[in-house]
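Note sheet for the following structure.
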Amino acid sequence: MRFSLSFLTRTCGPVVALAVSTVAAAPESGTREDTGLKYWQWNEGGISLLVEQRLPDQTRAFFLARGFTSEAANVIGDGCVFKTDLRNPAAAGSVIDYDLSQWRVVVDGQRKPMMLKDQWDDRWKAMNLPSPPRIAFRWALLPNRQRLDPGDYNWGMSAFGFPAGQRFDLEFTWLRNGEERTGIFQNVECAPDVESLVPREGAL
Amino acid sequence: MRAPALLFACFVCIVPGLCLAGDDLRGRPLYEVKGRPPAPDFTLEDTEGEIHRLSEYRGRVVILNFWATWCPPCRDEMPSMQRAWKGLRERGIEMLAINVGEDEDIIFTFTADYPADYPLLLDREGTIIKEWPVLGLPTTFVIDREGRIAYRAVGGRDWEDPLVLEPLLKLAK
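From first to last, the protein sequence lines are chains V and B.
Numbering-wise (the numbering used here), the first sequence opens with residue 1 and increments by one.
Numbering-wise (the numbering used here), the second sequence opens with residue 1 and increments by one.
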């Protein structure tokens, strides 16, 4: 592979080299065979990032078990929640920093920040949710910012606040040894609600 | 320097069925914390009703793990923590796991599937974790004999991996 890249660069010039570089950075996406849930995966620039759908019912059940009221559980269940797994796969020599406040979502042509823990917490306070479920919520979400040394990783939910089935682009940034890198997942899709997968009575 | 850790890992893994830690956790080192800042002290009750004060462990190496039952990477690393702890304890290394935001009932049910003989401390209101540089779960610190933070790991580790055991055993010498 190294030989062919080098060969292409020398013989066909920088245009081909750029094209090869773009292809190498393309994210992978697909559907889990066992669950039917969609995922988007990035393995470039010193990070491994996985964003994978969670069904609204999965999320409702998770937070109901942690003291959410059914009203609050429905809010987060309908909040376009993904499992997010961010890793520094390096064995040594690479430090990764990320800050979710710098990430952007693009939906219906509008580019805006992600919903983060504090905004969700404001909702829970407004709904008079007590402290224990709010604590569980804060720790269940991917940390807003973090430094990942070699071998470090973190897992958490990301809740975008869109309706079920909404499509959007996710622009993400990180620093690798202080140097900014960017990536994008296009056409990310909030999981459909289970209700929409089950034929309603009389619909057949 | 590597031989004791390798020998220890071999000893732990020699019992059939014990080497079940996920490959994913292998090869992930501990991160050495520069300057070794002092570990914030705390007093917490464990699931057995015993009180633990961190400063009372001074003179011993302590592995301090922040976790929750719902956290998949926490569940991934707990079996290897349990296995490693049996051997580490004999070498004067303590292990404390602070659960964040849950109660005894939830933990009791959880430990039926994930046995843990080391103390499981309860930070019910999440007040202690705020005093520590923890942003996500699990995060683990290794505290040296002088009560300073010597190593840190964000995310799960295989606690039987020589890469993890070696610095622990070196600290405990």
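Glycine is no exception: its CB is placed at the ideal position from the N, C-alpha and C atoms.
Distance between residue j and residue i (C-alpha atoms, nearest Å)
| i | j | result |
| --- | --- | --- |
| residue 159 of chain B | residue 118 of chain V | 34 Å |
| residue 48 of chain B | residue 67 of chain V | 24 Å |
| residue 54 of chain V | residue 35 of chain V | 10 Å |
| residue 27 of chain B | residue 91 of chain V | 8 Å |
| residue 29 of chain B | residue 57 of chain V | 37 Å |
| residue 138 of chain B | residue 74 of chain B | 5 Å |
| residue 132 of chain B | residue 62 of chain V | 26 Å |
| residue 183 of chain V | residue 43 of chain B | 44 Å |
| residue 219 of chain B | residue 109 of chain V | Since the first residue shown for chain B is 1 and the last is 173, residue 219 of chain B is missing from the structure and cannot be characterised. |
| residue 89 of chain V | residue 95 of chain V | 10 Å |
| residue 100 of chain V | residue 84 of chain V | 12 Å |
| residue 104 of chain V | residue 168 of chain V | 10 Å |
| residue 40 of chain B | residue 163 of chain V | 43 Å |
| residue 186 of chain V | residue 80 of chain V | 16 Å |
| residue 25 of chain B | residue 88 of chain B | 19 Å |
| residue 202 of chain V | residue 111 of chain B | Because the pLDDT at residue 202 of chain V is just 48, under 50, the model does not fix this residue reliably, and the value given afterwards should be weighed accordingly. Near 46 Å, if we compare the C-alpha coordinates of residue 111 of chain B and residue 202 of chain V. |
| residue 146 of chain B | residue 60 of chain B | 8 Å |
| residue 108 of chain B | residue 178 of chain V | 44 Å |
Residue i, buried or exposed, once every other Cβ within 10 Å from all chains shown has been counted against 16
| i | result |
| --- | --- |
| residue 138 of chain V | buried |
| residue 32 of chain V | exposed |
| residue 73 of chain V | buried |
| residue 175 of chain B | Residue 175 of chain B is absent from the model: chain B starts at 1 and stops at 173. |
| residue 87 of chain V | buried |
| residue 78 of chain B | buried |
| residue 131 of chain V | exposed |
| residue 111 of chain V | exposed |
| residue 55 of chain B | exposed |
Quiz item: Along the region 118–149 of chain B, what residues have a CB closer than 7 Å to any CB found in chain V?
Solution: 125, 126, 135, 136, 137
Quiz item: Counting pairs of Cβ atoms below 8 Å between the region 40–53 of chain V and the region 158–175 of chain V, do you hit three or more?
Solution: yes
Self-check item: Ordered list of alpha helix (DSSP H) runs contained in the region 48–114 of chain V, each at least 4 residues
Solution: 56–64, 70–77
Self-check item: Unbroken stretches of the beta strand (DSSP E), 3 residues or longer, contained in the region 156–197 of chain V
Solution: 167–176, 179–189
Self-check item: the region 49–77 of chain V: positions lying closer than 9 Å to chain B by Cβ
Solution: 62, 65, 66
Quiz item: Hey, which unbroken runs of the beta strand (DSSP E) at 3 residues or more fall wholly within the region 37–103 of chain B?
Solution: 43–45, 51–53, 61–67, 93–100
Quiz prompt | Uninterrupted beta strand (DSSP E) stretches inside the region 95–156 of chain B (no shorter than 3 residues) | solution = Qualifying beta strand (DSSP E) stretches, in chain order: 120–123, 139–143, 149–154.
Exercise. Would you check if the region 156–172 of chain B and the region 82–98 of chain B touch, i.e. whether three or more CB-CB distances between them fall below 8 Å?
Key: yes
Quiz item: Are there three or more Cβ pairs, one per stretch, closer than 8 Å when the region 85–103 of chain B is compared with the region 128–147 of chain V?
Solution: Touching, yes, given that three or more Cβ pairs across the two stretches are closer than 8 Å.
Exercise. Note down, in chain order, all residues in the region 126–141 of chain V with a beta-carbon under 7 Å from any beta-carbon belonging to chain B.
Key: Result list: 131, 132, 135, 136, 139, 140.
Quiz item: Using a Cβ cut-off of 8 Å, which residues of the region 66–80 of chain B contact any Cβ in chain V, in chain order?
Solution: 68, 70, 71, 72, 73
Exercise. Would you list, in chain order, the members of the region 21–41 of chain B that have their beta-carbon closer than 8 Å to a beta-carbon of chain V?
Key: 27, 28, 29, 31
Quiz item: At a Cβ cut of 9 Å, what residues of the region 144–172 of chain V count as close to chain B, listed as they run along the chain?
Solution: 144, 145, 146, 147, 148, 149, 150, 151, 152, 153, 154, 155, 156
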